[in-house]
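Numbering (UniProt numbering), first residue to last: 1 to 257.
For every residue, glycine included, the Cβ atom is placed at its ideal position computed from N, Cα and C.
Accompanying notes for the structure given below.
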Amino acid sequence: MIKLVAFDVDGTLRDRDYLPDSTRAALQKLKERGVALALCTGRSEYEMESLRKELGIDWAITCNGSHIGYRGKTVFGSAFPKDTVRRWLEEAERLKHTFLLYGSELMFMNREEDPHFRQSQREIGFMEPVTLPSPEEVPDIYQCIVFCEEHEEGVYTGGRKDAYYIHRWRPWAVDINPTGMNKAVGLRKLMDHLGLQPEEVAAFGDGHNDFEMIELAGSGIAMGNGSDELKAKARYVTRTLQDGGIAYAVDQWILPA
Numbered sequence: 001m002i003k004l005v006a007f008d009v010d011g012t013l014r015d016r017d018y019l020p021d022s023t024r025a026a027l028q029k030l031k032e033r034g035v036a037l038a039l040c041t042g043r044s045e046y047e048m049e050s051l052r053k054e055l056g057i058d059w060a061i062t063c064n065g066s067h068i069g070y071r072g073k074t075v076f077g078s079a080f081p082k083d084t085v086r087r088w089l090e091e092a093e094r095l096k097h098t099f100l101l102y103g104s105e106l107m108f109m110n111r112e113e114d115p116h117f118r119q120s121q122r123e124i125g126f127m128e129p130v131t132l133p134s135p136e137e138v139p140d141i142y143q144c145i146v147f148c149e150e151h152e153e154g155v156y157t158g159g160r161k162d163a164y165y166i167h168r169w170r171p172w173a174v175d176i177n178p179t180g181m182n183k184a185v186g187l188r189k190l191m192d193h194l195g196l197q198p199e200e201v202a203a204f205g206d207g208h209n210d211f212e213m214i215e216l217a218g219s220g221i222a223m224g225n226g227s228d229e230l231k232a233k234a235r236y237v238t239r240t241l242q243d244g245g246i247a248y249a250v251d252q253w254i255l256p257a
């Protein structure tokens, strides 16, 4: 019996501002049957607050698994060492790179303006960040996005990609998370907290940073609009987001009649 369902957000629950009515109805059906729901995303807790409240979802695994919040309050977190973040910001200032820094309550940016950030904002809808006052005032940071080319990221990773969880989602943009983090790590922490086994968990995703989560969940479900690599790892492949893929999967495999 499924007791927890985790949802990637972009390309899974919604496409920018479009969230199908069938998805809303499916989430309500799950809640009425006592199934716990969690967002599981590379975005920050700050960015997910309005969606989480709108959908009545208590749990949010954010920053690719580095932060877990319950109704917006931190329950678990794996932050970067602050000295590491300060060093990165010094290098970014020298190289004129822009960093997005994900805290538990706010999203910060080290530069007031950046064309790559604006492009990604148009494409996937980032909220407006707060300008970081100074490197000395860095709060706990659970994920960074660096707007740089792949050959430049070694300045921040030391050339050791195994030292961090790295997800490059544009030629000019890369997520960096603390060592050993990914969505599955965050989901496993939540499962342990709730006393659940993999066979009691379903997870929906569409992209490369969903690989580990889809493999962990007993019912890993790839969206029809997802990547072929993810579909190969999933237990089930549902319809596309636009064609009511979540509602179809809920009726077929999670809450069958």
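Here's the rule I'm using: 16 or more other beta-carbon atoms within 10 Å means buried, otherwise exposed. How should residue i be labelled?
{"i": "M130", "result": "In the sequence under discussion, the amino acid at residue 130 is Val, which differs from the Met named in the question. When all chains shown are included, V130 counts as exposed."}
{"i": "A247", "result": "buried"}
{"i": "E212", "result": "buried"}
{"i": "K183", "result": "buried"}
{"i": "E45", "result": "buried"}
{"i": "R52", "result": "buried"}
{"i": "M48", "result": "buried"}
{"i": "M181", "result": "buried"}
{"i": "P20", "result": "buried"}
{"i": "D83", "result": "exposed"}
{"i": "R122", "result": "exposed"}
From which residue to which residue does the beta strand (DSSP E) around residue i run?
{"i": "L39", "result": "36 to 40"}
{"i": "K73", "result": "73 to 77"}
{"i": "Q143", "result": "143 to 147"}
{"i": "A6", "result": "4 to 7"}
{"i": "L13", "result": "Counting along the chain, L13 falls outside any beta strand (DSSP E), and DSSP gives it neither H nor E."}
{"i": "L101", "result": "98 to 102"}
Taking only the alpha-carbon atoms, compute the straight-line gap between residue i and residue j and give it to the nearest angstrom.
{"i": "Q119", "j": "F108", "result": "17 angstroms"}
{"i": "A6", "j": "G195", "result": "15 angstroms"}
{"i": "V35", "j": "L89", "result": "42 angstroms"}
{"i": "K73", "j": "S50", "result": "14 angstroms"}
{"i": "G226", "j": "T240", "result": "8 angstroms"}
{"i": "R14", "j": "D210", "result": "15 angstroms"}
{"i": "G56", "j": "L190", "result": "18 angstroms"}
{"i": "L132", "j": "G245", "result": "39 angstroms"}
{"i": "R16", "j": "L106", "result": "20 angstroms"}
{"i": "G186", "j": "L230", "result": "19 angstroms"}
{"i": "K29", "j": "P256", "result": "12 angstroms"}
{"i": "V85", "j": "V138", "result": "8 angstroms"}
{"i": "A79", "j": "N177", "result": "8 angstroms"}
{"i": "H116", "j": "P171", "result": "10 angstroms"}
{"i": "K31", "j": "L39", "result": "14 angstroms"}
Can you name, in chain order, every residue of its own chain whose Cβ lies under 8 angstroms from the Cβ of residue i, other than the five neighbours on each side?
{"i": "A163", "result": "T157, T179"}
{"i": "L95", "result": "C148, E152, V155"}
{"i": "G77", "result": "S66, H67, I68, S104, D140, Y142"}
{"i": "V201", "result": "I2, K3, L4, V5, A6, L187, M191, L216, A217, G218, S219"}
Mind checking whether the beta-carbon of residue i lies closer than 7 angstroms to any heavy atom of the ligand MG?
{"i": "H97", "result": "The ligand MG is not part of this structure, which contains no ligands at all."}
Consult DSSP for residue i and reduce its assignment to one of helix, strand or coil.
{"i": "M107", "result": "strand"}
{"i": "K68", "result": "Reading the sequence as shown, one finds Ile at residue 68 and not Lys. Strand."}
{"i": "L196", "result": "coil"}
{"i": "N209", "result": "helix"}
{"i": "V185", "result": "helix"}
{"i": "D175", "result": "strand"}
{"i": "A217", "result": "coil"}
{"i": "L30", "result": "helix"}
{"i": "V138", "result": "coil"}
{"i": "D58", "result": "coil"}
{"i": "D251", "result": "helix"}
{"i": "T131", "result": "strand"}
In the DSSP assignment, find the unbroken alpha helix (DSSP H) run with residue i in it and report its ends.
{"i": "H167", "result": "Where H167 is concerned, there is no enclosing alpha helix (DSSP H), although the beta strand (DSSP E) it sits in stretches over 165 to 170."}
{"i": "I124", "result": "115 to 124"}
{"i": "T157", "result": "154 to 157"}
{"i": "residue 263", "result": "Residue 263 lies beyond the range of the chain shown here (1 to 257); nothing can be said about it."}
{"i": "A232", "result": "228 to 233"}
Excluding the 5 residues preceding and the 5 following residue i in the sequence, name in chain order all residues of the same chain whose CB lies nearer than 7 angstroms to its CB.
{"i": "W169", "result": "D175"}
{"i": "T12", "result": "F204, G205, D206, M223, L241"}
Give every residue of the same chain whose Cβ lies closer than 6 angstroms to the Cβ of residue i, excluding the five residues on either side of it in the sequence, and list them in chain order.
{"i": "Y236", "result": "I221, W253"}
{"i": "V250", "result": "A26"}
{"i": "R71", "result": "D58"}
{"i": "M127", "result": "E47"}
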